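Below you'll find the structure, written out as structure tokens, and then a few comments.
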Amino acid sequence: MDRVNKKNLITGFICIVVLGLSLLGGGNAALSVWNQNVRILNPAENKELPIYCVDTKKKEISLTFDTAWGNEDIDQILKLLKKENVKATFFFSGDWVQRFPADVKKIAKAGHDIGNHGDNHKYMTRLSSDEQKKEILGAHSKVQAVTGEQMELFRPPYGDYDENVVKTARQLNYEVIQWSVDSLDWKDISRQDIIDRVCDNKKLENGAIILMHTGTVYTKQALPVIIRRLKSEGYTFVPVSKMILTKNFYIDPEGKQRRK
Numbered sequence: 018m019d020r021v022n023k024k025n026l027i028t029g030f031i032c033i034v035v036l037g038l039s040l041l042g043g044g045n046a047a048l049s050v051w052n053q054n055v056r057i058l059n060p061a062e063n064k065e066l067p068i069y070c071v072d073t074k075k076k077e078i079s080l081t082f083d084t085a086w087g088n089e090d091i092d093q094i095l096k097l098l099k100k101e102n103v104k105a106t107f108f109f110s111g112d113w114v115q116r117f118p119a120d121v122k123k124i125a126k127a128g129h130d131i132g133n134h135g136d137n138h139k140y141m142t143r144l145s146s147d148e149q150k151k152e153i154l155g156a157h158s159k160v161q162a163v164t165g166e167q168m169e170l171f172r173p174p175y176g177d178y179d180e181n182v183v184k185t186a187r188q189l190n191y192e193v194i195q196w197s198v199d200s201l202d203w204k205d206i207s208r209q210d211i212i213d214r215v216c217d218n219k220k221l222e223n224g225a226i227i228l229m230h231t232g233t234v235y236t237k238q239a240l241p242v243i244i245r246r247l248k249s250e251g252y253t254f255v256p257v258s259k260m261i262l263t264k265n266f267y268i269d270p271e272g273k274q275r276r277k
């Protein structure tokens with residue numbers, strides 16, 4: 018059997034599985050499976066995809082924090098990042114900015130990337146295009162009012178996106194950023210589990226984007242070990258804005274940004 022026929026058979030099988038899931042489980046579970054596979058099934062359709070990681074020969078990685086809950090660990094995280102000379106990327110929800118403007122200013126003043134995480138931390142795929150724009154612009158205006166900065170990076174709450182979400186964000190001059198290494202710190206797993214999830218992750222490589230959160234139980238305890246261990250392995254931490262390409266690039270079906 019030639020390669021083309023094999024590929025067609027595999028594609029057809031996966032489509033049948035997805036259809037079956039939609040009939041049996043319906044709703045969001047099936048949609049999630051489809052979203053994970055459609056990019057691979059149809060790489061030639063030139064779909065709008067977010068950036069999960071970057072193809073680079075430099076031993077650089079990005080540390081990112083979704084910031085939408087409490088602020089009790091902000092000072093400790095900022096102190097550690099300063100001590101280790103690490104610049105990270107913080108994605109703020111508009112609600113968090115409204116509640117903790119002083120912390121937003123601290124983070125901006127420390128020279129970290131500031132990104133948009135939606136105004137009210139909603140599932141973006143459940144919204145109309147106009148509602149999506151409202152979510153993005155709401156957070157944008159709040160951050161701008163506090164810091165004077167124009168944000169250009171958007172991470173959908175819960176990582177929830179489809180092609181329309183990506184298109185909407187790009188219409189507003191945002192690049193959509195996901196992640197390739199998930200710490201799962203939001204599940205309040207143990208300090209050691211967080212460390213292992215990051216440092217032993219098979220997707221930890223040049224250009225990786227690490228997902229962490231503020232306002233969790235053990236992130237601040239795991240972070241020092243993660244930073245020092247990855248530094249010892251030769252990695253340099255850079256903000257997302259310094260690692261991604263801004264022109265002459267494409268995003269492959271796996272979500273890796275590559276130079277044309």
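Heads up, the sequence shown is in the numbering used here, so the first residue is 18 and it goes up one at a time. Every residue gets a Cβ at the ideal spot worked out from N, C-alpha and C, and that includes glycine. From a predicted model like this one, the values you see are computed outputs, not experimental measurements.
- Query: Based on Cα-Cα distance, which residue from Gly135, Lys126 and Ser79 lies nearest to Glu166?
  - Reply: Distances from the alpha-carbon of Glu166 to those of Gly135, Lys126 and Ser79 put Lys126 closest.
- Query: Would you say Gly135 and Ser110 are within 8 Å of each other, going by their C-beta atoms?
  - Reply: In this structure, the beta-carbon distance from Gly135 to Ser110 falls below 8 Å.
- May I ask you to list the residues that DSSP assigns as paired with Gly132? In DSSP, Gly132 forms a bridge with Phe108.
- Message: Please classify Ala119 as buried or exposed, where buried requires at least 16 other C-beta atoms within 10 Å of its C-beta.
- Response: With fewer than 16 other Cβ atoms within 10 Å, it is exposed.
- Message: Taking the alpha carbon of Lys264 as the reference point, which residue from Asn218, Asp92, Tyr178 and Glu192 has its own alpha carbon closest?
- Response: The candidate whose alpha carbon is nearest that of Lys264 is Glu192.
- For the beta strand (DSSP E) that contains His138, what are its first and last residues? According to the DSSP assignment, His138 belongs to no beta strand (DSSP E), since it is labelled neither H nor E.
- Task: Note down, one range per segment and in chain order, each beta strand (DSSP E) of at least 3 residues found wholly within the region 207 to 237.
- Result: If we require 3 residues or more, the beta strand (DSSP E) runs fully inside the region 207 to 237 come out as 226 to 230.
- Cβ-based neighbour list, Trp196, same chain, cut-off 6 Å, excluding 5 preceding and 5 following: Result list for Trp196: Ile226 and Leu228, in chain order.
- Query: When DSSP labels each residue in this structure, what does Cys32 get in the three-state scheme?
  - Reply: Here the model assigns Cys32 a pLDDT of 44, short of 50, so the residue's position is not dependable, and the following value carries that caveat. Per DSSP, reduced to three states, the secondary structure at Cys32 is helical.
- Task: Alpha carbon to alpha carbon, how far is Lys75 from Asn133? Give it in angstroms, no decimals.
- Result: Whole-angstrom Cα-Cα distance: 26 Å.
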